[in-house]
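In my numbering, the protein residues as written are 1 to 150.
Glycine residues also receive a C-beta, built at the ideal position from the N, C-alpha and C atoms.
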Amino acid sequence: RQIDAGFQHLRKMDAISPRTHNALYFVYRAFQTDKWIDSFLLLMSSLEALFSNDTPGAATRAITRRVSSLLGHGPRCTEADIRKLYHLRSDMTHGRVVVDDDAGKNLEQLGHLEFVASRCFRELVNTAAYVHYEDKPRRDRFMGMLDCTA
């Protein structure tokens, strides 16, 4: 029953908005790949889909604050923790580090990001908070609540 109920929430979440659909699609793809770099970038993209601003520009602060807030600033989920993961993504994307298929020490960071992303989705589903993504005004209010509890 619990699995069925969770799956039904995921189906509703998938249909509620392009942001939630894309976030779920990115997570699905992240867990299908056998390359750590693909998984890392797709997991981070899922968080960006859910927590980024609507306008282009500095996303780091909004994403790190909102993710941490949603997760209650718990262990491994502080703003500083999320910022480190986001900076690794930025370093890879902007060529400040060389990436390849050898996971090496990056498996630890990938495991950390999987932990954070999984907790975010679990929280959104368990509390049915994904309904706030139904339209822009509701999402804006939800993001504002996350920003205030940071």
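Limits of the unbroken alpha helix (DSSP H) element including tyrosine 86: 79-93 is the extent of the alpha helix (DSSP H) around tyrosine 86.
Three-state secondary structure assigned by DSSP to phenylalanine 40: Helix.
Cα-Cα separation between proline 95 and phenylalanine 40, rounded to whole angstroms: Inspection of the sequence shows that residue 95 is occupied by glycine rather than by proline. Their Cα atoms are separated by approximately 15 Å.
Buried/exposed call for histidine 132, threshold 16 Cβ in 10 Å: That one is buried.
Whole-number beta carbon distance between leucine 47 and valine 67, since they are thought to touch under 8 Å: Right, the Cβ-Cβ distance comes to about 6 Å (below 8 Å), so this counts as a contact.
Residue range of the unbroken alpha helix (DSSP H) whose run includes serine 118: Going by DSSP, serine 118 is part of the alpha helix (DSSP H) stretching over 106-126.
Where tyrosine 130 falls, given that 16 or more other Cβ within 10 Å makes a residue buried: It counts as buried.
Option in Met145, Leu70, Met44, Arg65 with minimal Cα separation from asparagine 126: The option with the nearest alpha carbon to asparagine 126 is Leu70.
Spatial neighbours of arginine 141 in its chain, beta-carbon cut-off 8 Å, leaving aside the 5 residues before and after: The residues are His132.
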